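Residues 1 to 352 in the UniProt record's numbering are what the sequence shown spells out, letter by letter. Glycine is no exception: its CB is placed at the ideal position from the N, C-alpha and C atoms. Just so we're clear, the structure is a prediction, and the values are computed from it rather than from any experiment.
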Amino acid sequence: MSNIYVKIMIFTVLSVFYLLTSEEAHITVILLSFITAFSTDAIRKKYMLFTAAVIFAVLLFMDINYLYFLPVISHIIFMEYGMYGIMVLIPIVLFQEWVLLFLSIFIFYTTVLSEKLSEAKQLNRKMRDQLTEDNMRLKAQRNELMKTHEKDIYMAGLNERNRIARDMHDALGHSLSSSILLIESLQYVKDEETLHHSLKQLQDRLKIGMEDVRHSIHNLYDTSIDLEARIESYLVEMENYSKELIYDVNITLTHEEKIDMLSLVREALTNIRKHSNASAFTVIIKEHPKFLALTIKDNGNPVKEFNKGMGLQSMKETVQKYGGVLNTFNDDGFIVHAIFYMEGLRNENSNS
């Protein structure tokens, strides 16, 4: 509410109070008080407030009835100079007009309250505008990150293809080239024993080449999936959720183990999206001395459909492949907890 409307309300209340309580109420007092009080709004000069205060003091000296409108002058001074406006009320105390003093205090209280409310609204608008600006900036940064992410994926794929080509070249290049040279030399060998020895040598070289290829393919399967990065990409797709990934795995997982782990996470996230009213979830994959633990917990309600569906049965079958156990329960949300024994952990335990 603007200051002019507040002044009109105050002046109206004081006018009614003056007409009801003063035995010598006169319209001239109301009119001159109105002109004096609102002259600062009509004429915006540097010393207009001081001039209006002096004029009102003269009117008050001439007629005590102007005392009824002193609170509006006090309000005007208070809005410009703060607590100095309260000093203007001293004549009301001197004349012991306690009802008018109480009314003046109430006016000051509502004025201060109105100012604080106005400041709060202004701060709220400022914060809202700032949040809108921050949201737009975050969207722009997100789009930029998505572009960067796509570029990184492309570069990772390109680097992976180059690595595969290099590994295949290293695995086959030497054995094949030496085998070709050996075959070419066989056409000049006439001694049967030497020929037999050369063929055996050729067979050994080809076997070594085949083993190198198998080893490269095995390494390709084991390293082609970055489990942590793939799970993080799943979490990125859950846009409307607050999410967290805790990944603490140091052993090297096989390709099949990674695929099964991803299927468990994907099925649990699908359950959250379809059946849970959760707003946040956490995925925890932690390596223990004898087993690997997967925990996915959200803050939603119990999910009966999931416990009865094929999704849970599929997850249990996946975990049972590794001699593990999968359980679901409710504790401030829905929790899927699985433990299973990976090949790397079994090997470490058997060696220890």
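| Item | Value |
| --- | --- |
| Residue 197 - DSSP class collapsed to helix/strand/coil | helix |
| Member of 236, 341, 196 and 61 whose CA lies at the smallest distance from the CA of residue 269 | 236 |
| Run of the alpha helix (DSSP H) containing residue 258, from where it starts to where it stops | 255-275 |
| Assigned secondary structure, residue 112 (DSSP; H/G/I helix, E/B strand, else coil) | helix |
| Of the listed residues 325, 262, 266 and 156, nearest to residue 340 (C-alpha basis) | 325 |
| Per DSSP, the bridge partner or partners of residue 327 | 337 |
| Cutoff 6 Å; reference residue 56; Cβ partners in own chain excluding five residues on either side | 36 and 73 |
| Proximity to residue 314 [Cα-Cα], best of 69, 130, 265 and 131 | 265 |
| 8 Å Cβ cutoff met for residue 33 and residue 52 | no |
| Residues sharing a beta bridge with residue 61, DSSP | Its beta-bridge partners do not exist; DSSP assigns none. |
| Residue interval of the alpha helix (DSSP H) (run including residue 225) | Neither: residue 225 is in no alpha helix (DSSP H) and is coded neither H nor E. |
| Length of the line joining the Cα atoms of residue 22 and residue 30 | 12 Å |
| Cβ shell of residue 19 (< 6 Å), same chain only, five flanking positions each side left out | 25 |
| Own chain, CB closer than 6 Å to residue 257, minus 5 neighbours either side, in chain order | 342 |
| Paired residues, beta bridge with residue 242 - DSSP | 280 |
| Under 8 Å between C-beta atoms of residue 261 and residue 312 | no |
| Coarse secondary structure for residue 182, derived from DSSP in three states | helix |
| Nearest to residue 225 (by Cα), restricted to the options 50, 61 and 254 | 254 |
| Reduced DSSP secondary structure (H/G/I, E/B, other) of residue 121 | helix |
| Contact check, residue 123 vs residue 71, beta carbons under 8 Å | no |
| Cβ shell of residue 88 (< 7 Å), same chain only, five flanking positions each side left out | 70, 73, 74 and 77 |
| Residue 292, enclosing beta strand (DSSP E) - first and last residue | 292-298 |
| Residue 206 versus residue 252 - alpha carbon distance | 29 Å |
| Assumed close pair residue 203, residue 182 - CB separation to whole angstroms, cut-off 8 Å | No, residue 203 and residue 182 are not in contact; Cβ-Cβ is about 10 Å, not under 8 Å. |
| Buried versus exposed call for residue 349 [16 or more other C-beta atoms within 10 Å across all chains shown] | Reliability fails at residue 349, whose pLDDT of 48 lies under 50, so the model's placement of it is uncertain and the value that follows must be treated cautiously. Label assigned to residue 349: exposed. |
| Rounded C-alpha distance that separates residue 281 from residue 338 | 16 Å |
| Local Cβ density within 10 Å of residue 233, reported as buried at 16 or more and exposed below that | exposed |
| Best match in 93, 299 and 318 for proximity to residue 334 [C-alpha to C-alpha] | 299 |
| Integer Cβ distance of residue 284 from residue 336, believed to fall under 8 Å | Rounded, the Cβ-Cβ distance is 11 Å, inconsistent with contact. |
| Reduced DSSP category for residue 354 - H, G, I as helix; E, B as strand; rest coil | Residue coverage of the chain in this structure runs from 1 to 352, which leaves residue 354 outside it and unanswerable. |
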